[in-house]
Each structure stands twice: as C-alpha cells, then as structure tokens.
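Protein chains in written order, with the numbering used here: chain C, 848 to 1189; chain Y, 848 to 1189. We put the CB at the ideal spot given by N, CA and C, even for glycine. Here's the structure, in structure tokens; my notes come after.
There are 2 protein chains.
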Amino acid sequence: MSGEFVEAPHQDVVLFSRVRLNRNYEDLPFSGKITREYADEVVRRTADAVLGSEQGHAYAMIKLADLSEDARSSLVEHHLISYDLLRFAQRSAALISTGKTVTVMMGEEDHLRLQGLLPGLQLERTAELALSMDEMLSEKYAFAFDSQWGFLTSSPANVGTGMRACVVMHLPALTAAGQMGPIMQAVAKLGLTVRGLYGEGSETLGNLYQMSNQATLGRSEEDVIRSLLAAAGQIAGHERAQREQAEKQDMMKLQDTLLRSMGEMMYARLMPVNEMMRRYSDVRYAASMGYVHASLAELDNLIRELQPGSLAVSAGKLLSSREGEILRAKLLREKLPGLVAN
Amino acid sequence: MSGEFVEAPHQDVVLFSRVRLNRNYEDLPFSGKITREYADEVVRRTADAVLGSEQGHAYAMIKLADLSEDARSSLVEHHLISYDLLRFAQRSAALISTGKTVTVMMGEEDHLRLQGLLPGLQLERTAELALSMDEMLSEKYAFAFDSQWGFLTSSPANVGTGMRACVVMHLPALTAAGQMGPIMQAVAKLGLTVRGLYGEGSETLGNLYQMSNQATLGRSEEDVIRSLLAAAGQIAGHERAQREQAEKQDMMKLQDTLLRSMGEMMYARLMPVNEMMRRYSDVRYAASMGYVHASLAELDNLIRELQPGSLAVSAGKLLSSREGEILRAKLLREKLPGLVAN
Chain C
848 MSGEFVEAPH QDVVLFSRVR LNRNYEDLPF SGKITREYAD EVVRRTADAV
898 LGSEQGHAYA MIKLADLSED ARSSLVEHHL ISYDLLRFAQ RSAALISTGK
948 TVTVMMGEED HLRLQGLLPG LQLERTAELA LSMDEMLSEK YAFAFDSQWG
998 FLTSSPANVG TGMRACVVMH LPALTAAGQM GPIMQAVAKL GLTVRGLYGE
1048 GSETLGNLYQ MSNQATLGRS EEDVIRSLLA AAGQIAGHER AQREQAEKQD
1098 MMKLQDTLLR SMGEMMYARL MPVNEMMRRY SDVRYAASMG YVHASLAELD
1148 NLIRELQPGS LAVSAGKLLS SREGEILRAK LLREKLPGLV AN
Chain Y
848 MSGEFVEAPH QDVVLFSRVR LNRNYEDLPF SGKITREYAD EVVRRTADAV
898 LGSEQGHAYA MIKLADLSED ARSSLVEHHL ISYDLLRFAQ RSAALISTGK
948 TVTVMMGEED HLRLQGLLPG LQLERTAELA LSMDEMLSEK YAFAFDSQWG
998 FLTSSPANVG TGMRACVVMH LPALTAAGQM GPIMQAVAKL GLTVRGLYGE
1048 GSETLGNLYQ MSNQATLGRS EEDVIRSLLA AAGQIAGHER AQREQAEKQD
1098 MMKLQDTLLR SMGEMMYARL MPVNEMMRRY SDVRYAASMG YVHASLAELD
1148 NLIRELQPGS LAVSAGKLLS SREGEILRAK LLREKLPGLV AN
C-alpha cells in the first residue's frame, strides 16, 4: 500500500512529528512580568548563542515585528512557529534552521520554545533535535529548574519536562467510519489528547488530527515519546486497516469518490481554503492507496503553500477572499499536475 | 463567442436539425391492418428502389430483427431511427446513408418515414434531403395522397404534409434563468412545441430541448420550415444573450461551475448516464464560451457513443448498470482529453 513516494516513516498516515520544549532563563523575569528590556535580552543572548555556534550559519533570524501579518501567518501555516508567538509579535522572534527542522522561538509565553519538526512518524529523532538545542543553550545559560519539579514555566501546565510532543495524522478512513470518538476516548486514558489540526471541536478540516501528551509532570521525556509513538503507530495501523476495508467493500466507489476531488482541484477556478482541505484529504488518501502516484511530502507542502497567509506572501500583496480563491485555484491547476506521475 | 470549432450553423446552441416525412404506398394496406406479407413487400420494394438507385451504394440495409436490443437502442441514440421503429422490430428495417444524413425507415406506424438529419441549424437543407428521397421513391411508386387532404397517414395527426421537422437545442443558460416556461408558451402560439429531448415533462436531461411543428395540415412544408427556423434562430439569440449575461454577472463563478464538470468527467471512475448528461451540458456550455477549446460536434458524438445502448455495442456484451458506469467513466477519461485542445 505504501508506494514508491512515501519518503518518511508512516507518512501515508502521519504528516509530521513535532516536539517543543519550554524553557526560561533563570536570571530573567518570566514573560508575565517581563519588561521590554528583558524581552530584548532574551532575544539578544539566544541569537548570539545560536548564530555564534558551530551550526549558526544554518539559522535565519526573524523578528516578527519586521513581517507583514500574512508573512507571520505563513510561518504558522508551515508549522515553523506557534500561533501563540503571534500574540507577542512586537517583541518576539524566531531562529529557523534552513532545513526547517529546528526553530527557536523567543518571547512567547515562556522565554524560549525549542522546536524539532520532521516529516512522518519519527518522534525520537524529532525530540533529539529539540534536546540538542536545549543542551547547546544550557551550556551557556542556566534555565529555571527545580530539582523537585523540573523545568519551571509560566503556565503550571508545562512544568516538569516542559515538553509537548505531537504527531499530526491524516485519518480519513477512521473519520468516515465514525471511529474517531472511541479513539479519542482510548488515547485519553494514556494521557494523550487528539484534536483537529485546524479548528477546535468537531471541525476537523482535511481529516487532520494532532495527538499530543497532556502531562509534563511525573513522566520522563523518553516515557512520553514512547507512549505517543506507540499510540500513533497503533492508530496508523487502524487507519490502514480501515482504508483496506473501504477498498475491499467497494474499490471502484472509493476510487471514484477520491479521484473526483482530484478532478475538482485540477479544474476549479475558485477554490476556498476549506474546500481545498476536503479535496486534499481525498487526494492524499488516493495517493496513499496508489490510485494516483504522487509524492505525499510534495502534496502536503503544496497545500501549506496555498493556505491564506502563504498564498498572500507568494502574491506579494493583500488578497481579498475572492482573489485568494482565484489564485489558489490557479496555482493548484499549475502545480498539481507536476506532482502526479501518470 | 462562436469559436474556431463551431462547424455547423448555430452549433453553439443547436445540436442538429431533423426532418421526417411520413409516407404510405397507395397500393398496400396501412400498418394498422398490414399482414406480414405486405410488411415484407414494403421493405422489399423500398430497398430495391433505394439500393438500385444512383446513390444506392451509399446506403446500408439494416433489419431490426437481426440486431440485439442494444444495437437497436444505439441507432435511436444516434438519432438514426425513431424510437417507434423499435415497436415493430420483428418486421421493420432501415436504410441508412453512410454519411448518416438520410434514413429510410420501413414498417413503422406508416410504411415509410424518410428522415434527413444535419448538424446545427440547417432545416432547409435537411428538408431537401428528405424531400429528395421522397421524390426518388415517388417516381417508382405512388404514395397515398388526397388532393384535398394531402398525404394520408395512419395517424390523423400527420395527414397533410406528413412532415415533422425539429431542431434539438442546448439551452443551459435559459434553463438556469428560468426562461423555458415563457419560451414554451410563446412558441406554442406559433404552432410549435418544445419538450425535453430525453424524458418528458420537467425532466430535461442535459438541458437539451427539441422544438417541432405541431400542424401538418393547412401549412406548406416551406411555411413550417420557415417558422421553425425563425423561432430557433430567435431562441438561439436569447440563449446567447443569457450566456453573455451570466458571464458578465460573474465570469469566474461561471467558469468555475462549468469547468468543474470537466474535472469530474476527466477523473470519475463511475459515471451514471444521467450525471454524464448534466456534466456534458456544462462542458458544452463551457466550450461554446471558449473556456475550453473543443469541437462541439465531436463532443456531441462522444456523448452519443456513451449512451447505454451504444456503450453496450462497443463493449460487445450486455452490461450491468455498474459495468456501464465503469466503462462510461473509462471511455470519458480516454477520449475527452483528445477532444480538448489546451
């Protein structure tokens, strides 16, 4: 089932793995009480440390105040910074590695949020990326740490490991089969939460779900990663079984439904983002079944490029809702054929 | 608006023109009372006359009893014979010209139904085709004719000229604008009727309508042709104005709607005939507006090839409903791209 184009582990079901570590410099006030001066000091010392390090040449420094709103949104749409970083856009900044696998966010709820990001299900390697950055920085500066509680953070919810690990999964077959309710209940017992990647609650645009750990206290990083990895692997297995089940039940009907979305994407002249996410889900499902031969990673990337902020950045101007729909449809028609081998 | 591919007059709106003449041999009993022997005589003498004539080599003789039900349906789907001819399939036959512009039906409600058929709006030339055949046959045999009533026919509805002229029109914009009701009322006053080509009543599959004369008595052939021609020309004008209106109102939305049907036809794996007719209407509309560059005549022909009977003939076997939908979708994917110039 996993065709020639599946580049990362479990990429037919798992879009990406992400690990974020919350850290605060011991000698500076926490964000809630921080002054502009201290906030600038967080950015200054972190940038100096990262850019002055051996891998410094591989990092780009971005001050959010220098970016348009669309450019900021684009960074969120590419999962390079957190949505929360936008709340502090006047003073916040990010160091982003050229491979986009590591981001150091500065001036969010905590001083630092160290992010590792990799395609597919590879949480251990992803955690290593974030932990290496943590190690590098803590050689130069002490982080707020308590021997009993662990790392100290602005929100009590993050105290302990300060780690949030998550995997983003594409679950169209389980969703269609009405299985997501039971799955969410089952993973809650493991201390994990599942929710829609876009939109809260019942709205799960594109059948994309993120699963992450709830607890940061009382469990080691390794333990959390292990349980998340195991749960993701199991859910991926269920999703694959459900896809095969749907194929066995009526392959032609399944192909018909999924590939018509390809046709809509190839020919539409107006493409709202919500409709694109539904079509994308169908096409990604079709690609994972080998009904079309397309690179999942390239497809995922194209869809990120066509999110509202990223689209406006590529247009180089503010877009009205209608202009966005027209440009999105145009870029789909131009780029989608190139992703598909016939 | 009428692009490079519009081959016949008014083909952007008018699919084809058809004229049928009902005739009965004076010396043989009418169909209602006909014996097998006389029915065979109708076929024998007509075939001899046509095949023995100067153009005889251009005609193929088809006995309906020799054909499968699907093959008979295919002839109806291609408008080469009347649906009614199937009712008498055990004894009826047809002579069909290689160009398919002339058909001589034998053994229907009347002894003969002489048909002319041409693409687009060219009723006068179409009538000439039928009338030439009438002339040729009447040189050899006398037709039942009354100096007061004109040609005598089985049904009183056809007495007089015995002529039914019709044009088949594609009216998606007038239909969408809710204009068909008023148009039907207006043409009724001219002694013309408009109804759906496929299905009676409100069901007008593919937005295809046939308009034909009601009266055969009291009006000359020329008069009927002239009024039908004028009405068709006017309706075509209204349809074009309505298409331009729709374009002016929101071109992107119109293109989006129409071209998505192209996408569905290009990618579907299951295509029911009713859905195909809806999609075809959109694509034909799009082609007439230049949104896709496609030959209308070739498009019309492809859709006829994909009607249930014709599809089964090309498959060479009886098709289940599902098999038909699969094969129809497959042939659309194979053949539609070839009709469209990019």
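CB of Y/Val-1015 within 7 Å of CB of Y/Met-1031, strictly: Position 168 of the second sequence, counted from the start, is the residue given in the question as residue 1015 of chain Y. Position 184 of the second sequence, counted from the start, is the residue given in the question as residue 1031 of chain Y. No. Outside cutoff.
Counted within 10 angstroms of its Cβ, other Cβ atoms place Y/Asp-859 as buried (16 or more) or exposed: Here residue 859 of chain Y refers to the residue found at position 12 of the second sequence. Label assigned to Y/Asp-859: buried.
In chain order, each alpha helix (DSSP H) run of at least 4 residues that lies wholly inside the region 955–991 of chain C: The region 955–991 of chain C contains these whole alpha helix (DSSP H) runs: 970–985.
Best match in C/Arg-1090, C/Glu-1172, C/Ala-1115, C/Arg-892 for proximity to C/Ser-985 [C-alpha to C-alpha]: As a working mapping, residue 985 of chain C is identified with position 138 in the first sequence. Taking only the C-alpha atoms, the option nearest C/Ser-985 is C/Arg-892.
Burial state of Y/Thr-1051 (16 or more Cβ within 10 Å): Against the second sequence, residue 1051 of chain Y aligns to sequence position 204. Buried.
Closest residue to Y/Ala-940 among Y/Thr-948, Y/Gly-946, Y/Leu-922 (Cα-Cα distance): The residue given as residue 940 of chain Y occupies position 93 in the second sequence. With distances taken between Cα atoms, Y/Ala-940 lies closest to Y/Leu-922.
Same chain, Cβ closer than 6 Å to C/Ala-1141, neighbours up to 5 away in sequence not counted: Within the first sequence, numbered from 1, the residue matching residue 1141 of chain C stands at position 294. These residues qualify, in order along the chain: Ala-1134, Leu-1186, Val-1187.
Closer than 7 Å at the beta carbon, the chain Y residues around C/Met-1109: Translated into positions along the first sequence, residue 1109 of chain C becomes position 262. Under the 7 Å cutoff, chain Y gives Tyr-1114.
Option in C/Leu-1064, C/Leu-868, C/Leu-1143 with minimal Cα separation from C/Val-1006: Counting from one through the first sequence, the residue named residue 1006 of chain C turns up at place 159. Ranking the options by Cα distance to C/Val-1006, first place goes to C/Leu-1064.
Contact under 7 Å by Cβ, C/Pro-876 with C/Gly-967: Within the first sequence, the letter at position 29 stands for residue 876 of chain C. Within the first sequence, the letter at position 120 stands for residue 967 of chain C. Against a cut-off of 7 Å, the Cβ pair of C/Gly-967 and C/Pro-876 comes out as no contact.
Expected contact under 8 Å - CB spacing of Y/Glu-854 and Y/Ala-1144 to nearest Å: For the purposes of this step, residue 854 of chain Y is taken as the residue at position 7 of the second sequence. For the purposes of this step, residue 1144 of chain Y is taken as the residue at position 297 of the second sequence. Right, the Cβ-Cβ distance comes to about 5 Å (below 8 Å), so this counts as a contact.
Inter-residue CB distance, C/Gln-1107 and Y/Tyr-1114 (contact presumed, cutoff 8 Å): Walking along the first sequence from the start, residue 1107 of chain C turns up at place 260. Walking along the second sequence from the start, residue 1114 of chain Y turns up at place 267. One detail in the question is off: residue 1107 of chain C reads as Arg in this sequence, not Gln. Yes, C/Arg-1107 and Y/Tyr-1114 are in contact; Cβ-Cβ is about 5 Å, under 8 Å.
Chain-ordered residues of the region 1143–1175 of chain Y with a beta carbon less than 9 Å from chain C: Arg-1169, Glu-1172, Ile-1173
Collapsed DSSP secondary structure at C/Gln-902 in the structure displayed: By 1-based counting over the first sequence, the position of residue 902 of chain C is 55. Correct three-state label for C/Gln-902: coil.
Residues near C/Arg-1180 in its chain [Cβ-Cβ closer than 7 Å; skip 5 each side]: Here residue 1180 of chain C refers to the residue found at position 333 of the first sequence. Only Met-1113 meet the Cβ criterion.
Chain Y contact for C/Gln-1057 (CB, 7 Å cutoff): In the first sequence, counting from the first residue as 1, residue 1057 of chain C sits at position 210. Taking Cβ atoms only, chain Y never reaches closer than 7 Å to C/Gln-1057, which makes this a no.
Endpoints, the beta strand (DSSP E) within which C/Ser-1059 is located: Translated into positions along the first sequence, residue 1059 of chain C becomes position 212. From DSSP, the beta strand (DSSP E) with C/Ser-1059 extends over 1055–1060.
Limits of the alpha helix (DSSP H) - the one that C/Val-860 falls within: The residue given as residue 860 of chain C occupies position 13 in the first sequence. Run containing C/Val-860: none; DSSP gives neither H nor E here.
Length of the line joining the Cα atoms of C/Arg-1125 and C/Ala-1020: By one-based count along the first sequence, residue 1125 of chain C stands at place 278. By one-based count along the first sequence, residue 1020 of chain C stands at place 173. Roughly 13 Å between the two C-alpha positions.
Any chain C beta carbon closer than 7 Å to Y/Gln-1102: The count along the second sequence starts at 1 and reaches residue 1102 of chain Y at position 255. Y/Gln-1102 counts as touching chain C.
Minimum C-alpha distance to Y/Gly-1043 - residue among Y/Thr-1022, Y/Leu-1037, Y/Lys-1036: Here residue 1043 of chain Y refers to the residue found at position 196 when the second sequence is read from its first residue. Taking each of Y/Thr-1022, Y/Leu-1037, Y/Lys-1036 in turn and checking the Cα distance to Y/Gly-1043, the smallest one comes out for Y/Thr-1022.
Under 9 Å by beta carbon: chain C residues contacting Y/Leu-1186: Against the second sequence, residue 1186 of chain Y aligns to sequence position 339. Those within 9 Å of Y/Leu-1186 in chain C number zero; the least Cβ separation is about 15 Å.
Assigned secondary structure, C/Leu-868 (DSSP; H/G/I helix, E/B strand, else coil): On the first sequence, position 21 is the one that residue 868 of chain C refers to. If DSSP states are grouped into helix, strand and coil, C/Leu-868 belongs with the strands.
Secondary structure of Y/Ala-1077, DSSP reduced to three states: Within the second sequence, the letter at position 230 stands for residue 1077 of chain Y. In the structure shown, Y/Ala-1077 falls within a helical segment according to DSSP collapsed to helix, strand and coil.
The region 1061–1075 of chain Y in contact with the region 1093–1107 of chain Y per 3-pair CB rule at 8 Å: no
Test item: CB-CB of Y/Thr-950 and Y/Leu-914 under 7 Å: Residue numbering aside, residue 950 of chain Y sits at position 103 when the second sequence is read from its first letter. Residue numbering aside, residue 914 of chain Y sits at position 67 when the second sequence is read from its first letter. Result no, Cβ atoms of Y/Thr-950 and Y/Leu-914 do not sit closer than 7 Å.
Sequence-distant residues of its chain with Cβ nearer than 7 Å to Y/Arg-1131 (five each side left out): For the purposes of this step, residue 1131 of chain Y is identified with residue 284 of the second sequence, where counting begins at 1. Only His-1017, Leu-1143, Leu-1146 meet the Cβ criterion.
Straight-line Cα distance separating C/Gln-969 from C/Ala-1035: Counting from 1 along the first sequence, the entry for residue 1035 of chain C is found at position 188. Counting from 1 along the first sequence, the entry for residue 969 of chain C is found at position 122. Each residue's Cα considered, the two are about 21 Å apart.
Inter-stretch contact (C-beta, 8 Å, three-pair minimum) for the region 1169–1180 of chain C and the region 892–905 of chain C: Flag = no, the region 1169–1180 of chain C and the region 892–905 of chain C do not touch.
Chain-order list of residues whose beta-carbon lies under 7 Å from that of C/Gly-850 (same chain, five-residue window excluded): The residue given as residue 850 of chain C occupies position 3 in the first sequence. Caution is warranted here: a pLDDT of 45 is assigned to C/Gly-850, below 50, making its placement in the model unreliable, and the coordinate value is therefore given only provisionally. Excluding sequence neighbours, C/Gly-850 sits near Gly-1137, His-1140.
Where C/Ile-1173 sits in the DSSP three-state scheme: As a working mapping, residue 1173 of chain C is identified with position 326 in the first sequence. In the structure shown, C/Ile-1173 sits in a helix (DSSP, three-state: H, G or I).
Same chain, Cβ closer than 6 Å to C/Cys-1013, neighbours up to 5 away in sequence not counted: Start at 1 with the first residue of the first sequence, and residue 1013 of chain C comes out as number 166. The residues are Arg-865, Gln-1057, Ser-1059.
Whether Y/Arg-938 touches Y/Gly-954 by CB criterion (7 Å): As a first step, residue 938 of chain Y must be located in the second sequence, where it is residue number 91. As a first step, residue 954 of chain Y must be located in the second sequence, where it is residue number 107. Yes, Cβ-Cβ distance for Y/Arg-938 and Y/Gly-954 is below 7 Å.
is_contact[C/Met-1099, chain Y] using C-beta, thresh 7 Å: The residue given as residue 1099 of chain C occupies position 252 in the first sequence. Yes, its Cβ sits closer than 7 Å to a Cβ of chain Y.
Under the three-state DSSP convention, the category C/Ala-1141 falls into: Numbered from its first residue, the first sequence carries residue 1141 of chain C at position 294. Secondary structure of C/Ala-1141 (DSSP, three-state): strand.
Residue-level contact to chain Y via CB, C/Leu-1179, 7 Å cutoff: Position 332 of the first sequence, counted from the start, is the residue given in the question as residue 1179 of chain C. With 7 Å as the cut-off, C/Leu-1179 does not count as an interface residue toward chain Y.
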